[in-house]
Amino acid sequence: RKEVEQDPGPFNVPEGATVAFNCTYSNSASQSFFWYRQDCRKEPKLLMSVYSSGNEDGRFTAQLNRASQYISLLIRDSKLSDSATYLCVATTSGTYKYIFGTGTRLKVLA
Amino acid sequence: GAVVSQHPSRVICKSGTSVKIECRSLDFQATTMFWYRQFPKQSLMLMATSNEGSKATYEQGVEKDKFLINHASLTLSTLTVTSAHPEDSSFYICSATSPAVKGTIYFGEGSWLTVV
Numbered sequence: 001r002k003e004v005e006q007d008p009g010p011f012n013v014p015e016g017a018t019v020a021f022n023c024t025y026s027n028s029a030s031q032s033f034f035w036y037r038q039d040c041r042k043e044p045k046l047l048m049s050v051y052s053s054g055n056e057d058g059r060f061t062a063q064l065n066r067a068s069q070y071i072s073l074l075i076r077d078s079k080l081s082d083s084a085t086y087l088c089v090a091t092t093s094g095t096y097k098y099i100f101g102t103g104t105r106l107k108v109l110a
Numbered sequence: 001g002a003v004v005s006q007h008p009s010r011v012i013c014k015s016g017t018s019v020k021i022e023c024r025s026l027d028f029q030a031t032t033m034f035w036y037r038q039f040p041k042q043s044l045m046l047m048a049t050s051n052e053g054s055k056a057t058y059e060q061g062v063e064k065d066k067f068l069i070n071h072a073s074l075t076l077s078t079l080t081v082t083s084a085h086p087e088d089s090s091f092y093i094c095s096a097t098s099p100a101v102k103g104t105i106y107f108g109e110g111s112w113l114t115v116v
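Protein chains in written order, with the numbering used here: chain R, 1 to 110; chain V, 1 to 116.
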C-alpha cells in the first residue's frame with residue numbers, strides 16, 4: 001500500500017463547478033500536510049498547507065481528518081486555469097521528507 | 001523568495017554514458033536537499049536525501065552506485081546517473097531546505113533526461 005494515496009482521475013468538470021479531492025495517508029506519524037499543484041512537465045508548486053482546523057484560501061479549502069487519516073481539497077467556481085494535477089503531500093515531524101501522493105488530474109472544461 | 005535552480009533543464013544522452021544534474025540554492029544555504037524522480041503520469045518518488053557534507057541517504061530500491069549524489073557545499077548538490085539506460089529516462093527534480101528558511105521546501109525546475 002502506498003504511503004499517500006489519491007484517486008488519479010481525471011476529474012473532468014465544467015467551468016464554475018465545485019470539485020473535491022481526497023487523499024489518504026497510512027503513516028499515523030505524519031504531522032504536516034500540503035497540497036501542491038503541478039502543471040504538465042513542470043515542477044510542483046505549493047498550493048496550500050493543510051491545518052487541523054481546516055483552512056481556506058480564496059476558492060480553495062483544505063481539510064484534515066486525523067482520525068480517518070485523510071485530507072481533502074475543495075475547489076469552488078472552477079476556472080480553466082485550475083486544470084492541473086493536484087498532489088497531496090505528507091511529512092513526518094522532525095524531517096523535511098515529503099511523501100507525495102500519486103496526484104489527481106483535474107480538467108476544467110469550457 | 002528563495003530560488004532553487006536546476007541545470008540542465010533537458011538532456012539527451014547515449015545509453016551507457018553518465019550524466020550530471022546540478023541543483024543550486026541561489027539565495028539561501030541549503031543544509032538538506034532531496035532528489036526525486038517522476039515517470040510520466042506518476043507521482044514524484046523520493047530517491048535520496050542529501051545533507052551537506054555527509055553521504056546521501058537513499059530510499060529503498062534506489063541504487064546508490066547508479067545514482068551518485070554529492071552535496072559538497074551548502075548551495076550545490078549534484079545527481080549523476082551513471083551508465084544510463086533508456087529506462088532511466090525520467091523527470092528528475094530536486095528540492096532544498098534549511099532551518100534558515102524554517103523548513104520550507106523549495107523545488108528546482110526539474111530536469112528531463114532522455115537516454116537513447
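Even glycine gets a Cβ: it sits at the ideal position worked out from N, Cα and C.
For residue i, name the three-state secondary structure that DSSP assigns.
{"i": "proline 14 of chain R", "result": "strand"}
{"i": "glutamate 56 of chain R", "result": "strand"}
{"i": "alanine 100 of chain V", "result": "helix"}
{"i": "leucine 26 of chain V", "result": "coil"}
{"i": "serine 81 of chain R", "result": "helix"}
{"i": "glutamate 87 of chain V", "result": "helix"}
{"i": "alanine 110 of chain R", "result": "coil"}
{"i": "glutamate 59 of chain V", "result": "coil"}
{"i": "cysteine 94 of chain V", "result": "strand"}
{"i": "alanine 20 of chain R", "result": "strand"}
{"i": "cysteine 40 of chain R", "result": "coil"}
{"i": "tyrosine 25 of chain R", "result": "strand"}
{"i": "serine 15 of chain V", "result": "coil"}
{"i": "alanine 67 of chain R", "result": "coil"}
{"i": "threonine 80 of chain V", "result": "strand"}
{"i": "serine 43 of chain V", "result": "coil"}
So, does the CB of residue i fall closer than 8 Å to a CB anywhere in chain R?
{"i": "leucine 113 of chain V", "result": "no"}
{"i": "serine 50 of chain V", "result": "no"}
{"i": "leucine 46 of chain V", "result": "yes"}
{"i": "isoleucine 93 of chain V", "result": "yes"}
{"i": "serine 54 of chain V", "result": "no"}
{"i": "glutamine 42 of chain V", "result": "yes"}
{"i": "threonine 32 of chain V", "result": "yes"}
Please look up how many angstroms separate the CB atoms of residue i and residue j, rounded, as I've assumed it's under 8 Å.
{"i": "arginine 113 of chain R", "j": "threonine 91 of chain R", "result": "Outside the displayed span of chain R (1 to 110) sits residue 113 of chain R, for which this structure offers no information."}
{"i": "glutamate 43 of chain R", "j": "cysteine 23 of chain R", "result": "That belief does not hold up - the Cβ atoms of glutamate 43 of chain R and cysteine 23 of chain R are roughly 20 Å apart, past 8 Å."}
{"i": "glutamine 162 of chain V", "j": "serine 111 of chain V", "result": "As displayed, chain V neither begins before 1 nor continues past 116, which places residue 162 of chain V out of reach and without an answer."}
{"i": "glutamine 63 of chain R", "j": "glycine 103 of chain R", "result": "Actually they do not touch by this definition, with Cβ atoms about 19 Å apart."}
{"i": "isoleucine 93 of chain V", "j": "leucine 44 of chain V", "result": "7 Å"}
{"i": "lysine 79 of chain R", "j": "proline 10 of chain R", "result": "Not confirmed; about 16 Å, so no contact."}
{"i": "threonine 114 of chain V", "j": "serine 89 of chain V", "result": "5 Å"}
Does the CB of residue i have a neighbour CB from chain A at under 8 Å?
{"i": "threonine 78 of chain V", "result": "The chain inventory of the structure shown lacks chain A, comprising the protein chains R and V."}
What I want to know is whether the C-beta of residue i ends up closer than 7 Å to one or more non-hydrogen atoms of the ligand NAP.
{"i": "valine 4 of chain V", "result": "Among the ligands in the structure shown, none appear at all, so the ligand NAP cannot be discussed."}
Next on the checklist: Using a Cβ-Cβ cutoff of 8 Å, what residues of the segment 21-44 of chain R are near chain V? List them in chain order.
Outcome noted: Arg41, Lys42, Glu43 and Pro44
Item to check | Touch test, the segment 32-52 of chain V against the segment 87-106 of chain V, Cβ-Cβ under 8 Å, three pairs minimum | outcome: Touching, yes, given that three or more Cβ pairs across the two stretches are closer than 8 Å.
Next on the checklist: Any contact between the segment 70-78 of chain V and the segment 4-24 of chain V? By contact I mean 3 or more CB pairs, one from each, below 8 Å.
Outcome noted: yes
Checklist entry - In the segment 89-103 of chain R, which residues sit with their C-beta less than 8 Å from some C-beta in chain V, listed in chain order? => result Residues are counted here when their Cβ sits less than 8 Å from a Cβ of chain V; for the segment 89-103 of chain R these are Tyr96, Lys97, Tyr98, Ile99, Phe100, Gly101, Thr102 and Gly103, given in chain order.
Next on the checklist: At a CB distance below 8 Å, what residues from the segment 63-93 of chain R approach chain V? Give them in sequence order.
Outcome noted: Taken in chain order, the members of the segment 63-93 of chain R whose beta-carbon sits within less than 8 Å of a beta-carbon on chain V are Leu87.
Next on the checklist: Which residues of the segment 97-112 of chain V have a Cβ closer than 7 Å to any Cβ of chain R? Give them in chain order.
Outcome noted: Thr97, Gly103, Ile105, Phe107, Gly108, Glu109 and Gly110
Checklist entry - Would you call the segment 66-75 of chain R and the segment 53-68 of chain V touching, i.e. three or more CB-CB distances under 8 Å? => result no
Next on the checklist: So, does the segment 4-16 of chain V touch the segment 19-37 of chain R, judging by three or more C-beta pairs under 8 Å?
Outcome noted: no
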